[in-house]
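Using our numbering, you'd call the opening residue of the sequence shown number -11 and step up by one each time. All C-beta atoms in this analysis are idealised placements derived from N, C-alpha and C, irrespective of residue type, glycine included.
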Amino acid sequence: MQVYEKIDLTLLNRLLRLIVDHNIADYITAKNNVNINFKDMNHINSFGLIRGLQFASFVFQYYGLILDLLVLGLTRATELAGPPNLPNDFLTFTDVETETRHPIRLFCRYIDRFWIVFRFEKEEARDLVQRYLTENPDPNNENIVGYNNKTCWPRDCRMRRMKHDVNLGRAVFWEIENRLPRSVSTLEWSNSFASVYSKDNPNLLFAMCGFEVRILPKIRTYTEEFSQREGVWKLQNEVTKEMAAQAFLKVGDEGMKHFENRVRQILMASGATTFTKIANKWNTTLISLMTYFREAVIHTEALLDLLVKCENKIQTRIKIGLNSKMPSRFPPVVFYTPKELGGLGMLSMGHILIPQSDLRYSKQTETGITHFRSGMTHEEDQLIPNLYRYIQTWESEFIESQRVWAEYALKRSEAAAQNRRLTLEDLEDSWDRGIPRINTLFQKDRHTLAYDKGWRVRQDFKQYQQMKAHPFWWTHQRHDGKLWNLNNYRTDMIQALGGVEGILEHTLFKGTYFPTWEGLFWEKASGFEESMKYKKLTNAQRSGLNQIPNRRFTLWWSPTINRANVYVGFQVQLDLTGIFMHGKIPTLKISLIQIMRAHLWQKVHESIVMDLCQVFDLELDSLEIEMVQKETIHPRKSYKMNSSCADILLFAAYKWQISKPSLLADGKDVMDGTTTSKYWLDIQLRWGDFDSHDIERYCRSKFLDYTTDNMSIYPSPTGVLLGVDLAYNLHSGFGNWFPGLKPLMQRAMNKIMK
């Protein structure tokens, strides 16, 4: 229907003068009659409405009213509207007689689309079809060709194109088309649909605001069993409360296209953006889709597939930003962990089972679900909660809304009777329920909001004023309240990912040596980025700032992203440190080298050796040590990972009894009668990752390797190897012990680690 383009400004001016002052009317039409410039193009708009003007929605709704009158005819329009002093409610009549007087039973327009329901008697239908066929004869029954249908439903749920029904549909369209003059608007057959409900056609089909709807009355359900599932609304008779029909819902193609294009746009525009921003945009897009369509999503298979595909693409985009698409580097915990714990806080709708029906029959008929196929999967078998389960269905929202508002009216009248005001306690359980939410009555600007007429259509017209995407075009928090609440989603997600402790095991949290994770995080980033944002920066500096959050993210999750058993391949040791990189991840490499700058690894090693020497110096007598000797070692010893030598050498005053090799934490040592007068200590540093940070196992294997290979030269056969994991702040030791040494080492190491 071309309406905007065909609005004649002179006519519009005359119409507006009926309801507003002539100066205002002139102003409104003059604003539409202007020169439009873009780059080197210009256009004089002397015809048609410019939709981007602030008042366009009002003007259009008023103009639409005139078209409604043309379509309905004045008498029927008056009957539909009711007397001016007591207008009818939407889609209701004053009495049954008025309702049945004329074939037009219901009428509703949404901006530039309208829906009319006709009820024809046999004769009326025959008359109309004959009038149509005399003007447009159809000798070869070609009317059926090119008659639109709703192909999103199985074949037996679509409109069955019987000759009589098709002719009636065409005739009705022709009749309405002729009521609108060509100069005002044209209805196009190709994007309209006339659904006929008759003895051959049990379903009434239509599309509205992105939903595809199929209404099936209860008396016609002999072919299908009665379904009790989400995505099917029960339509009740208000008076008898009998369930008269069911409305089946799906998401229309337009809604899906719009969602897909929005995700594509996010991916296209995510050149140098931070990962959090990409995830945030995805979350907004997903919430806007799910909170609008709700239960319709579940039965739209194409949309479920699309959700899986898009969520995958968003994650792949983030993975590529780190130069790797290895699934094991990116377990779900990295994406779905809430921001407070350093994750991206993504919402998921892809970890679902997509219902499948037997393909041979499902195209023909509603067969029900025969099997499922999985959406997104991953190696860890965690069940990632999906967003749909945390959003109430529209049906239950409507039912609850009726209840809550009725309760509110009751409580309010009670309060008025007792001459008191309603308190929050009275409304506690219904505070954030109902549509609109009860709490919208208690905002400070509720009185001004009452005068905010036409706000919803204005929201919709914002698309002509704003460049950026407008995900929640259909609602407004001030008027409707917040129609979803995802607090439970966060807690369930944390549980699903293994609780806070389990999540933090994947990160460098242990390396930070924070006593507790509460109050840890990130949202406020660092003052540095915030203050830099507003300074004059070159483009290069600005894109450098953009990288900071990504680097922080990569470093935080580095034990998981840079994990040992990623794949068979080459381990690269970072210069001057004992950190191994598994595969190339440039951002992480830069961060780690940055942390270990100025020979920090070597210095940590030296300081631990010095601390231990001091400990032994204080305990010379109690351990019967004659001399503590700090060995001279090669400067690179601390990060030479394939051979080793002693760091400290102890000389005995007499001779020590030596135990069999055991771990630092083991209790009982078995003395096997060996004695020695020389004893060495070797301190090994390492940088663990999520797969291998078992420091005890590490110490044991290193001790056994180094004491048996022929590269490492230890000054005596007896000694101990102490290991410290800098990434997870763990320590242990393995080797031979002499009496009194183990308890001392346990105390000393605990103190050094602190």
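Note on geometry: alpha-carbon atoms of Gln535 and Ala267 lie some 15 Å from one another. Nearest C-alpha to Phe35 among Phe26, Lys27, Asn20 and Phe48: Asn20. Comparing alpha-carbon positions, the option among Ser519, Val616 and Tyr627 lying closest to Leu562 turns out to be Tyr627. Between Thr17 and Leu(-3), the CB-CB gap stays under 8 Å. By the criterion of at least three beta-carbon pairs nearer than 8 Å, the stretch 689 to 704 is not in contact with the stretch 578 to 598. Contact between Lys618 and Cys601 holds: their C-beta atoms lie close to 5 Å from each other, under 8 Å. Beta-bridge analysis with DSSP links His31 to Ile24.
Contact check for Pro91 against Phe102 fails: the beta carbons are separated by 8 Å or more. Asn738 and Gly490 have their C-alpha atoms roughly 24 Å apart. With a cut-off of 8 Å on Cβ pairs, the stretch 144 to 160 is in contact with the stretch 179 to 187, counting three or more such pairs. Here Ile596 carries a helix assignment [DSSP, helix/strand/coil].
In the three-state reduction of the DSSP assignment, Pro205 falls in the strand class.
Under the three-state reduction of DSSP output, Trp270 falls in the helix class. A straight line joining the alpha-carbon of Asn553 with that of Asp679 spans about 7 Å.
Pairing Leu341 with Phe360 gives a Cβ-Cβ distance under 8 Å. Annotated as distal: Met481 and Ile379, with beta-carbon spacing of 8 Å or more.
With a 10 Å radius around the Cβ and a threshold of 16 neighbouring Cβ atoms, Lys269 comes out buried. Inclusion of Asn300 and Gly338 in the CB contact set at 8 Å is warranted, their separation being smaller than that value. Judged by DSSP in its simplified three-state form, Val105 adopts strand. Runs of the alpha helix (DSSP H) spanning 4 or more residues and lying entirely within the stretch 531 to 581 occur at 546 to 549, in chain order. When secondary structure is reduced to three states using DSSP, Met659 falls in the strand class. Residue pairing for Glu413: DSSP places it in no beta bridge. Under the 10 Å beta carbon count, Tyr15 is surrounded by fewer than 16 other beta carbons and is classified as exposed. For Ile306, the secondary structure class from DSSP, reduced to helix, strand or coil, is helix.
Asn11 sits away from Ile24, with the two beta carbons spaced by 8 Å or more.
Counting other Cβ atoms within 10 Å of its Cβ, Lys138 reaches 16 or more and is therefore classed as buried.
For Ala195, the enclosing beta strand (DSSP E) covers residues Leu192 to Met196. A contact is defined here as three or more CB-CB pairs under 8 Å, and the stretch 45 to 58 meets this definition with respect to the stretch 431 to 451. Secondary structure of Trp505 (DSSP, three-state): coil. Around the beta carbon of Glu200, 16 or more other beta carbons sit within 10 angstroms, so the residue counts as buried. Collapsing the DSSP output to three states places Gln447 in a helix. By a beta-carbon distance limit of 8 Å, Asp153 contacts Asn189. Their separation comes to about 6 Å. In the three-state scheme derived from DSSP, where H, G and I count as helix and E and B as strand, His458 is classed as coil.
In this structure, the alpha-carbon of Lys222 lies about 43 Å from that of Phe263. Ile99 sits close to Asp448, with the two beta carbons spaced by under 8 Å. For the pair Ile286 and Gly219, the CB atoms are nearer than the 8 Å cut-off.
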